[in-house]
Amino acid sequence: MLQKLFEPVVFVRDEVPTFQTYISIRSLRPEVNLGGLQWLFNVQLEPTSVPAICLRHDVDGCVWQAGPTTLEDADWPCQHVGTFLAFGYVQASKTQKKFTVCSPDLSYVAVCEATRHIYLYRQPSTISTELRNRRTGEHVAHVAKQQLVSIDSTSEVLGVHASNHVLIWTLSQVKERMNFPARVRGALPTADIKAEERAEREGEGSSKTKHSESGSQKEQERQDKYREKKKNAKKIDSKRGGKNRKEVRTMD
Numbered sequence: 001m002l003q004k005l006f007e008p009v010v011f012v013r014d015e016v017p018t019f020q021t022y023i024s025i026r027s028l029r030p031e032v033n034l035g036g037l038q039w040l041f042n043v044q045l046e047p048t049s050v051p052a053i054c055l056r057h058d059v060d061g062c063v064w065q066a067g068p069t070t071l072e073d074a075d076w077p078c079q080h081v082g083t084f085l086a087f088g089y090v091q092a093s094k095t096q097k098k099f100t101v102c103s104p105d106l107s108y109v110a111v112c113e114a115t116r117h118i119y120l121y122r123q124p125s126t127i128s129t130e131l132r133n134r135r136t137g138e139h140v141a142h143v144a145k146q147q148l149v150s151i152d153s154t155s156e157v158l159g160v161h162a163s164n165h166v167l168i169w170t171l172s173q174v175k176e177r178m179n180f181p182a183r184v185r186g187a188l189p190t191a192d193i194k195a196e197e198r199a200e201r202e203g204e205g206s207s208k209t210k211h212s213e214s215g216s217q218k219e220q221e222r223q224d225k226y227r228e229k230k231k232n233a234k235k236i237d238s239k240r241g242g243k244n245r246k247e248v249r250t251m252d
């Protein structure tokens, strides 16, 4: 199976996608006959060209780029520009996949799930050291690498963009408030930033005032209780003193 994957891809006439353009009075409607091939994803290889498509050919994923055409020519020539070996088989096993993208230079392809994981499959690269197959003893000149990216969040992935050197993904998690400095919050106008900072200071001042008011109120209640307790103690002492004086008078 591995030896078959590294063999050159040979296409028969029925497996080559044919682009056709239908021109009417009101609209220009392009249609594509894939010939029963499974569509995998689109990729923008050049800024000035139409997006290329990746189709499944047996176990591989082949990238086709539509070339220029004229209004007089109904056929739209399509050229095979790259192959991701065994990717047709790999992507079929990813039942949780949400996005599939590849770099413009076709150096890697990424399968992104709805949450948690992104799988990267790189094109086979030449190795400098000697490597042989243990079973057959054949010399292995190229090795393909696979990488797993674990996203440290349970949020849903909303989108993925692949460049030649950077893979970017967007999550659905948005914090209600970000305590960034004013120079970082570039999306807000300067007046809005100042108003927001003023509101923050006023909010802090009001909270401190409320805290001080509640503290002084508690202190006042404590002092009132102390005075009332002291007053009650004096009444008790005065009653006891009057009783003693009455007893002294009777003894006399």
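Going by full-length UniProt numbering, 17 is the number at position 17 of the sequence shown; the sequence numbering is gapless.
C-beta: ideal position from N, C-alpha, C; glycine also.
- Distance between lysine 97 and valine 111, taken at the CA atoms: about 6 Å.
- Under the criterion of beta carbons closer than 8 Å, histidine 142 and threonine 126 qualify as touching, at roughly 6 Å.
- In the three-state reduction of the DSSP assignment, arginine 135 falls in the coil class.
- DSSP, read as helix, strand or coil, puts asparagine 164 in coil.
- For glutamine 38, the enclosing beta strand (DSSP E) stretches over residues 38-43.
- Annotation: the continuous beta strand (DSSP E) that includes glutamine 146 extends over 146-150.
- Sequence-distant Cβ neighbours of threonine 170 in its own chain, meaning closer than 8 Å and more than five residues away, are Val157, Leu158, Gly159, Val160.
- From the listed residues Ser172, Ser163, Arg116, Asn133, the smallest Cα separation to leucine 148 is found for Arg116.
- Spanning the alpha carbons of tryptophan 39 and histidine 80 requires a straight line of approximately 14 Å.
- Within the same chain, and ignoring the five residues on either side of asparagine 133 in sequence, the residues whose Cβ sits closer than 7 Å to its Cβ are Val140.
- Look at lysine 97 here: in three-state DSSP terms it is strand.
- Under the three-state reduction of DSSP, aspartate 105 is assigned to coil, being neither helix nor strand.
- Residue range 60-66 is occupied by the beta strand (DSSP E) that includes aspartate 60.
- Straight-line spacing of the CA atoms in isoleucine 53 and serine 150 works out to 27 Å.
- When DSSP reads this structure, alanine 233 sits in no beta bridge, so it has no partner.
- Per DSSP, reduced to three states, the secondary structure at glutamate 130 is coil, with no helix or strand assignment.
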